[in-house]
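Counting with our numbering, you get residues 21 to 478 for the letters of the sequence shown.
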Amino acid sequence: MGRSVNHAVARLLVVLASALLVACGRIEPPEKSGELVIGIIAGPTTYQDDAAGISGFEHDLLEGFAAALKLRTRYVAVKDPDALFKKLRAGRIHLAAGVPIDGNQELVFSAPIRESRQVLVGNADDLSVDSDPIDLTGRSIETLLDSPQAETLQKLAGTPPRFTIVEIAVGSERELLQRVANAKSHLAATDMLNYSLALNYYPDLAIVQELPDQIRCGWAFLPEYASLAQKADAFIAAARQNGSLARLQDRYFGHIQRIKADGVARFINDIRTVLPRYRQQFQTAQAESGIDWRLIAAMAYQESKWDPLATSFTNVRGMMMLTEDTADRMGVSNRLDAGQSIRAGARYLAVLMEQLPGEIMEPDRTWLALAAYNLGMGHLNGARTFARQMKRDSGSWYDMKKVLPLMSQPGYYSRLKSGPARGGEAVVMVENIRNYYDILSRLEPPWQPTPKLSLSLR
């Protein structure tokens with residue numbers, strides 16, 4: 021009898037404790053709720069929710085982490101670090117994603133997920149910052165409120181400070197750098213990744229000076245979730261070891277720099293060592309689609325580096341990195357089959373080329389279709405509408421690659437049914453493919469199918 025009473029009292033205490041947690045706004049531990057609640061600042065390096073779905077480097081990595089723990093995910097998007105850490109300390113999220121790892125003793129941090137150099141950025145057209153090295157004495161430097169750059173600048177400024185640090189709460193690194201691009205401020209402190217991403221939108225930005233210390237970003241937890249942080253460390257270590265973290269970084273950030281000398285050297289080596297395995301399949305895809313096999317090969321290299329088993333955390337897979345919907349539409353039964361993936365990707369590009377208006381000539385037709393391959397035809401058509409409104413040629417790649425990056429800005433995408441899109445990413449993808457195609461065209465001869473093969477593929 022006494023044991024039953026004790027058991028009932030214990031159950032009542034558990035219920036009361038749960039009710040108290042709910043009343044205080046604190047969420048249950050993930051192992052109890054089956055849900056991992058993630059706080060995140062939306063942005064190009066972390067998390068984006070557009071018509072194509074939710075994506076982003078941090079998002080995809082977190083999806084992989086949650087899947088490894090067999091948990092559902094729920095994202096709580098906030099505007100700034102202050103709001104993010106308030107929710108973490110209030111127990112309303114299990115972790116804060118994409119945050120700088122610092123010496124805060126109140127929190128437990130995961131292993132670093134990415135590292136980036138800190139830089140001072142100015143406008144390339146601003147002659148007042150055109151000196152090497154720049155004299156910062158008496159200048160005003162903007163940075164985000166409570167950012168790692170603010171701490172670095174305070175150390176550099178000295179006592180008394182030789183320059184003014186202006187911490188602003190604009191919300192995002194890109195908005196901070198937009199102020200420099202629009203000549204609303206002369207100098208801003210940021211990190212190399214955000215600077216490189218911003219170049220897709222604001223090409224007049226330039227690095228004035230590198231700042232000391234790298235920033236390291238990871239996930240932050242309350243001490244009560246230290247065991248969850250340990251699981252995160254194990255997941256991150258495994259992702260580094262199996263290459264999935266590097267592939268994810270390349271997918272989201274590899275495009276932000278144009279192909280450099282070492283990238284060209286690797287590509288030429290892969291032409292010699294990897295391409296021979298797939299040359300015939302690329303040529304078969306040409307016979308089916310009518311598209312130059314070297315262009316198809318350039319697409320595949322941009323998408324997967326000719327890795328037929330390439331897979332993202334969001335389940336985009338294969339040599340041509342096909343989504344499930346595209347694979348179903350193109351009749352693909354196995355996206356990891358190189359031949360099926362290559363032929364389907366080529367046929368899909370041919371379909372997109374056919375959907376463009378007849379008056380668009382080559383090579384613009386191909387470059388625009390490649391952009392649609394990345395964005396979707398709906399987003400491309402929306403961008404073409406904006407181009408016409410801006411008195412630009414909507415059938416010219418030269419004009420369109422200046423318009424497409426605007427698709428990520430609220431002032432533009434808010435007027436579209438299709439919503440926001442990563443147009444800057446599409447531009448760089450197409451430009452990279454053009455570079456790869458040029459190299460292949462120099463090193464590999466054109467190919468024409470035999471009449472017999474052409475007939476067999478009809």
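Positions of the beta carbon are idealized from the N, C-alpha and C atoms, including for glycine.
How is the alpha helix (DSSP H) around residue i delimited, first residue to last?
i	result
residue 110	Neither: residue 110 is in no alpha helix (DSSP H) and is coded neither H nor E.
residue 443	443-463
residue 256	246-262
residue 197	193-201
residue 95	Segment 92-98 is the beta strand (DSSP E) holding residue 95; no alpha helix (DSSP H) there.
residue 321	313-324
residue 385	384-395
Rounded to whole angstroms, what's the CA-CA distance from residue i to residue j? Just pull it up for me.
i	j	result
residue 421	residue 376	16 Å
residue 324	residue 136	24 Å
residue 354	residue 370	21 Å
residue 423	residue 195	18 Å
residue 254	residue 248	10 Å
residue 145	residue 320	38 Å
residue 343	residue 225	35 Å
residue 345	residue 322	20 Å
residue 293	residue 299	11 Å
residue 202	residue 447	22 Å
residue 246	residue 51	13 Å
residue 64	residue 165	19 Å
residue 406	residue 378	19 Å
residue 43	residue 62	Caution applies to residue 43, whose pLDDT of 46 falls short of 50 and renders its modelled position unreliable; the value that the coordinates give is listed next. Their backbone Cα atoms lie some 28 Å apart in a straight line.
residue 204	residue 76	29 Å
residue 112	residue 121	20 Å
residue 463	residue 68	39 Å
residue 460	residue 367	20 Å
residue 41	residue 402	Residue placement at residue 41 is flagged as unreliable, the pLDDT there being 48, under the threshold of 50; the coordinate-derived value follows with that caveat. Taking the straight line from one Cα to the other gives about 47 Å.
residue 72	residue 296	Caution applies to residue 72, whose pLDDT of 49 falls short of 50 and renders its modelled position unreliable; the value that the coordinates give is listed next. Spanning the two alpha carbons is a distance of roughly 35 Å.
residue 125	residue 243	9 Å
Taking the beta carbon of residue i as the centre, do at least 16 other beta carbons fall within 10 Å, making it buried, or is it exposed?
i	result
residue 361	buried
residue 329	exposed
residue 348	exposed
residue 433	buried
residue 386	buried
residue 80	buried
residue 78	buried
residue 230	exposed
residue 83	buried
residue 265	buried
residue 458	exposed
residue 178	exposed
residue 45	exposed
residue 310	exposed
residue 211	buried
residue 258	exposed
residue 250	exposed
residue 382	exposed
residue 481	For residue 481 there is no data in the structure shown, the boundaries of the chain being 21 and 478.
residue 32	Unreliable placement is indicated for residue 32, whose pLDDT of 48 sits below 50; the coordinate value is still reported in the next sentence. Exposed, since its Cβ has fewer than 16 Cβ neighbours within 10 Å.
residue 261	exposed
residue 418	exposed
residue 410	exposed
residue 180	exposed
Using a threshold of 8 Å, state whether the C-beta atoms of residue i and residue j are closer than that.
i	j	result
residue 481	residue 128	Not covered by the structure: residue 481. The range shown for the chain is 21 to 478.
residue 443	residue 395	yes
residue 509	residue 105	Coverage of the chain is limited to positions 21 through 478, which leaves residue 509 absent and any answer about it impossible.
residue 438	residue 398	yes
residue 256	residue 130	yes
residue 326	residue 467	no
residue 207	residue 159	yes
residue 161	residue 185	yes
residue 138	residue 235	yes
residue 55	residue 94	yes
residue 59	residue 96	yes
residue 307	residue 425	no
residue 268	residue 216	no
Under 8 Å by Cβ, that's how I've got residue i and residue j pegged, so tell me the actual separation to the nearest angstrom.
i	j	result
residue 157	residue 183	6 Å
residue 239	residue 89	That pair is no contact at about 13 Å.
residue 390	residue 453	6 Å
residue 305	residue 363	5 Å
residue 74	residue 237	Going by Cβ atoms, the distance from residue 74 to residue 237 rounds to 20 Å, so no, they are not a contact pair.
residue 66	residue 117	7 Å
Over the uninterrupted beta strand (DSSP E) stretch that includes residue i, give me the two end residues.
i	result
residue 139	134-143
residue 59	55-61
residue 160	160-164
residue 187	184-188
residue 236	225-241
residue 211	207-211
Are the C-beta atoms of residue i and some chain B residue less than 8 Å apart?
i	result
residue 59	Absent here is chain B; the protein component of the structure consists of one chain.
Using only the heavy atoms of the ligand SAM, determine whether one of them is closer than 7 Å to the beta carbon of residue i.
i	result
residue 209	The model depicted lacks the ligand SAM and carries no ligand whatsoever.
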